[in-house]
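**Q** Take the sequence shown: its letter number 311 is residue 716 in the working numbering, and every next letter is one higher.
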Amino acid sequence: MYLEHFSLQRHPFRMAPEDDFVYMSQQHSRAFVYMDSAVWSPEGFVVISGEVGSGKTTLLKKLMRGLSKDLKLFHIAYTNLKADDLFHLIVRQAGLPVKDTNKVSMLFAINDYLQTMSERGIPVVLAVDEAQNLSQENLEDIRMLAGLEGAGGPVMRVILLGQPELKKHIAQIPQLSQRVKLFFHLAGLTLKETGEYIDHRLFIAGYEGDTLFDADTIKQINEISKGIPRLINKLCDGLMLCAYSEDRTTIDPLDLVEIRHDLMGESFGLDPDDVANPSGGLPPTLDPAIDTDAAYAPILERIATALERIDDKLDRLVTDTNPAKSRADTNVKPLSPKRRRP
Numbered sequence: 406m407y408l409e410h411f412s413l414q415r416h417p418f419r420m421a422p423e424d425d426f427v428y429m430s431q432q433h434s435r436a437f438v439y440m441d442s443a444v445w446s447p448e449g450f451v452v453i454s455g456e457v458g459s460g461k462t463t464l465l466k467k468l469m470r471g472l473s474k475d476l477k478l479f480h481i482a483y484t485n486l487k488a489d490d491l492f493h494l495i496v497r498q499a500g501l502p503v504k505d506t507n508k509v510s511m512l513f514a515i516n517d518y519l520q521t522m523s524e525r526g527i528p529v530v531l532a533v534d535e536a537q538n539l540s541q542e543n544l545e546d547i548r549m550l551a552g553l554e555g556a557g558g559p560v561m562r563v564i565l566l567g568q569p570e571l572k573k574h575i576a577q578i579p580q581l582s583q584r585v586k587l588f589f590h591l592a593g594l595t596l597k598e599t600g601e602y603i604d605h606r607l608f609i610a611g612y613e614g615d616t617l618f619d620a621d622t623i624k625q626i627n628e629i630s631k632g633i634p635r636l637i638n639k640l641c642d643g644l645m646l647c648a649y650s651e652d653r654t655t656i657d658p659l660d661l662v663e664i665r666h667d668l669m670g671e672s673f674g675l676d677p678d679d680v681a682n683p684s685g686g687l688p689p690t691l692d693p694a695i696d697t698d699a700a701y702a703p704i705l706e707r708i709a710t711a712l713e714r715i716d717d718k719l720d721r722l723v724t725d726t727n728p729a730k731s732r733a734d735t736n737v738k739p740l741s742p743k744r745r746r747p
């Protein structure tokens, strides 16, 4: 929508991961190295945790795209599994012709497959995304698979990605926790990294204009998003939409007041839970202690200014398409509240 307005070649803040938009912060680089080491280490077993939108899946996809064909990867992305589903998925991805699908038969078939791959020198990797949703039985099954050994040691490497509670789930199974070689938590971007992240995405998208996001705006974005890339994308996209809607080529940090509520359920400095359940207090618009006229005055002023810009655009458009119209004495009422004032 705003690509032409900002002279962009691509959308800079999409939610879906794109290879060349990936920004490797220091923490993302470490997590990626740990995941890669799990692939090539005979005893590889890595757990990467992080909040929703922190970039775990993006890193996994980057890793998968760079893997050589000299290994076998089992990728499990859907984790609301029943007791036998994990083995079913592995058997299917391995292409094993299993007639009897009871759990014991599938385990024997998987073990035979892993032993064969080990003898051929082909690493086998199990990568599970959203692993915090796995049941305790599923985690026990992963422990069992990670414990299978061939002549050269363990025959399956494991990468588990999930939200912070994943580490707690694993800690409840000591035998599994002891097998994990590395635990790593992917925290949010720092203030400096947030600025670099935004600049990187704008550069890849083809932006060549003046600085869009000033230091104060980036600081607010970092504080609101807690450095989570997906939330940074949402906020930046919202700010650029606001600028486009008002025919501006600059980002106004005041827009964060509006889009923070629209995109993240936050308003007047309250957390989303406080907005949804204010614990008996009045909402801001009804609280007599809050001067709503003063609070909304700057926003209404900017809306009026934006409407004036739209009026001007429409006038120019009419003039360009119908020159005679510009000379006519029209009686069209203005759209902008400012222009309605006597």
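Note that CB positions come from ideal geometry on N, CA and C, so glycine has one too.
All values derive from a computational prediction rather than experimental measurement.
Do residue 555 and residue 381 count as a contact pair if the criterion is CB distance below 7 Å?
**A** Because the chain is modelled from 406 through 747, residue 381 falls outside the range shown and cannot be assessed.
**Q** For a test of the three-state rule: what should DSSP assign to residue 681, helix, strand or coil?
**A** Residue mapping note: residue 681 aligns to position 276 of the sequence shown, counting from 1. Unreliable placement is indicated for residue 681, whose pLDDT of 39 sits below 50; the coordinate value is still reported in the next sentence. Residue state, collapsed to three classes: helix.
**Q** Could you pull out every residue in the same chain whose Cβ sits closer than 6 Å to the Cβ of residue 416, ignoring the five residues on either side in sequence?
**A** Locating residue 416 in the sequence shown gives position 11, where the first residue counts as 1. Taken in chain order, the list of residues that qualify is empty.
**Q** What three-state label does DSSP hand residue 477 in the structure shown?
**A** Stepping through the sequence shown from its first residue, residue 477 is reached at position 72. Here residue 477 sits in strand by DSSP.
**Q** Bridge partners of residue 590, per DSSP?
**A** As a first step, residue 590 must be located in the sequence shown, where it is residue number 185. Residue 590 is bridged to 454.
**Q** From residue 470 to residue 478, what distance separates their C-alpha atoms?
**A** The residue you call residue 470 lines up with position 65 of the sequence shown. The residue you call residue 478 lines up with position 73 of the sequence shown. Near 11 Å, if we compare the C-alpha coordinates of residue 478 and residue 470.
**Q** Let me know the secondary structure DSSP gives residue 570 once reduced to three states.
**A** Taking the sequence shown and counting its residues from 1, one reaches residue 570 at position 165. Helix, per DSSP.
**Q** Kindly indicate which residue of 600, 439, 638 has the alpha-carbon position closest to the one of residue 623.
**A** Looking up residue 623 in the sequence shown gives position 218. Selected option, being the one with the closest Cα: 600.
**Q** How would you call residue 576, buried or exposed, if buried means at least 16 neighbouring beta carbons within 10 angstroms?
**A** For the purposes of this step, residue 576 is taken as residue 171 along the sequence shown, with counting starting at 1. Exposed is the call here.
**Q** How would you label residue 420, buried or exposed, when you count the other beta carbons within 10 angstroms and need 16 or more for buried?
**A** On the sequence shown, position 15 is the one that residue 420 refers to. With fewer than 16 Cβ atoms within 10 Å of its Cβ, residue 420 is classed as exposed.
**Q** With a 10 Å radius around its C-beta and 16 neighbouring C-beta atoms as the bar for buried, classify residue 610 as buried or exposed.
**A** Position 205 of the sequence shown holds residue 610. That one is buried.
**Q** Identify, in the order they occur along the chain, each residue of the same chain with its Cβ nearer than 8 Å to the Cβ of residue 431, setting aside the five sequence neighbours on each side.
**A** Here residue 431 refers to the residue found at position 26 when the sequence shown is read from its first residue. The residues are 598.
**Q** On the DSSP letters alone, give me the boundaries of the alpha helix (DSSP H) that residue 620 sits inside.
**A** The sequence position of residue 620 within the sequence shown is 215, counting from 1. Segment 620-630, the alpha helix (DSSP H) holding residue 620.
**Q** Which residue wins for smallest C-alpha separation from residue 569, given the options 578, 536, 550, 540?
**A** As a working note, residue 569 is residue 164 in the sequence shown. When only C-alpha atoms are compared, the closest one is 536.
**Q** Determine the DSSP secondary structure at residue 565, reduced to helix, strand or coil.
**A** Here residue 565 corresponds to residue number 160 of the sequence shown, with the count starting at 1. If DSSP states are grouped into helix, strand and coil, residue 565 belongs with the strands.
**Q** Just curious, the alpha helix (DSSP H) that residue 530 is in, first and last residue?
**A** For this step, residue 530 is matched to residue 125 along the sequence shown. That residue, residue 530, is in no alpha helix (DSSP H); its beta strand (DSSP E) goes 529-533.
**Q** Check whether the region 444-452 touches the region 491-507, counting contact only when three or more Cβ pairs, one atom from each stretch, lie closer than 8 Å.
**A** Flag = no, the region 444-452 and the region 491-507 do not touch.
**Q** Suppose the cutoff is 8 Å on Cβ atoms and the five residues either side in sequence are ignored; what does the same chain contact list for residue 517 look like?
**A** Taking the first residue of the sequence shown as position 1, residue 517 is located at position 112. Contacts found: none.
**Q** Within 10 Å of its beta-carbon, does residue 636 have 16 or more other beta-carbons around it, so buried, or fewer, so exposed?
**A** By 1-based counting over the sequence shown, the position of residue 636 is 231. When all chains shown are included, residue 636 counts as buried.
**Q** Taking 7 Å as the cut-off, decide whether the C-beta atoms of residue 530 and residue 514 are in contact.
**A** Sequence index remark: in the sequence shown, residue 530 carries index 125 (1-based). Sequence index remark: in the sequence shown, residue 514 carries index 109 (1-based). Not in contact: residue 530 and residue 514 (Cβ atoms no closer than 7 Å).
**Q** Do you know offhand how far residue 654's Cα is from residue 616's?
**A** Translated into the one-based positions of the sequence shown, residue 654 becomes position 249. Translated into the one-based positions of the sequence shown, residue 616 becomes position 211. Between residue 654 and residue 616, the C-alpha separation is close to 10 Å.
**Q** List the DSSP bridge partners of residue 559.
**A** Stepping through the sequence shown from its first residue, residue 559 is reached at position 154. Its beta-bridge partners are 554.
**Q** Can you tell me which of 647, 649, 603, 612 puts its alpha carbon nearest to the alpha carbon of residue 627?
**A** By one-based count along the sequence shown, residue 627 stands at place 222. Selected option, being the one with the closest Cα: 603.
**Q** Write down the C-beta distance between residue 566 and residue 534 rounded to the nearest angstrom, noting that I regard them as a contact closer than 8 Å.
**A** Along the sequence shown, one-based indexing puts residue 566 at 161. Along the sequence shown, one-based indexing puts residue 534 at 129. Contact holds; Cβ gap of about 5 Å.
**Q** Got a sec? Which residues, its chain only, sit under 6 Å from residue 542 by beta carbon, not counting five neighbours each side?
**A** Position 137 of the sequence shown, counted from the start, is the residue given in the question as residue 542. Around residue 542: 488.
**Q** For residue 423, I'd like the list of residues in its chain whose CB is within less than 7 Å of its CB, leaving aside the five on either flank, ordered along the chain.
**A** Along the sequence shown, read from residue 1 onward, the residue named residue 423 stands at position 18. Closer than 7 Å at Cβ, skipping near neighbours: no residue.
**Q** Round the Cβ separation of residue 585 and residue 438 to the nearest angstrom and send it over; I've been treating them as touching at under 8 Å.
**A** In the sequence shown, residue 585 corresponds to position 180, counting from 1. In the sequence shown, residue 438 corresponds to position 33, counting from 1. Contact doesn't hold; Cβ gap of about 16 Å is too wide.
**Q** Could you tell me if residue 642 is buried or exposed, where buried requires 16 or more neighbouring beta carbons within 10 angstroms of its beta carbon?
**A** Stepping through the sequence shown from its first residue, residue 642 is reached at position 237. Under this definition residue 642 is a buried residue.
**Q** Kindly indicate which three-state DSSP category residue 406 falls into: helix, strand or coil?
**A** Start at 1 with the first residue of the sequence shown, and residue 406 comes out as number 1. Here residue 406 sits in coil by DSSP.
**Q** If the criterion is Cβ atoms closer than 7 Å, does the pair residue 464 and residue 436 meet it?
**A** In the sequence shown, the residue the question calls residue 464 occupies position 59. In the sequence shown, the residue the question calls residue 436 occupies position 31. Yes, these two residues count as a Cβ contact at 7 Å.
**Q** Which class does residue 540 belong to by DSSP, given the choice of helix, strand or coil?
**A** Numbered from 1 along the sequence shown, position 135 holds the residue referred to as residue 540. Looking at residue 540 - three-state DSSP - the assignment turns out to be coil, as it is neither helix nor strand.
**Q** According to the neighbour-count rule (16 or more other Cβ atoms, all chains shown, within 10 Å of its Cβ), is residue 506 buried or exposed?
**A** For the purposes of this step, residue 506 is identified with residue 101 of the sequence shown, where counting begins at 1. Exposed: under 16 other Cβ atoms inside 10 Å.
**Q** Measuring only the C-alpha atoms, how far is residue 472 from residue 667?
**A** As a first step, residue 472 is located in the sequence shown; it is residue number 67 there, counting from the start. As a first step, residue 667 is located in the sequence shown; it is residue number 262 there, counting from the start. Spanning the two alpha carbons is a distance of roughly 40 Å.
**Q** On the DSSP letters alone, give me the boundaries of the alpha helix (DSSP H) that residue 791 sits inside.
**A** There is simply no residue 791 to check, as the chain begins at 406 and stops at 747 in what is shown.
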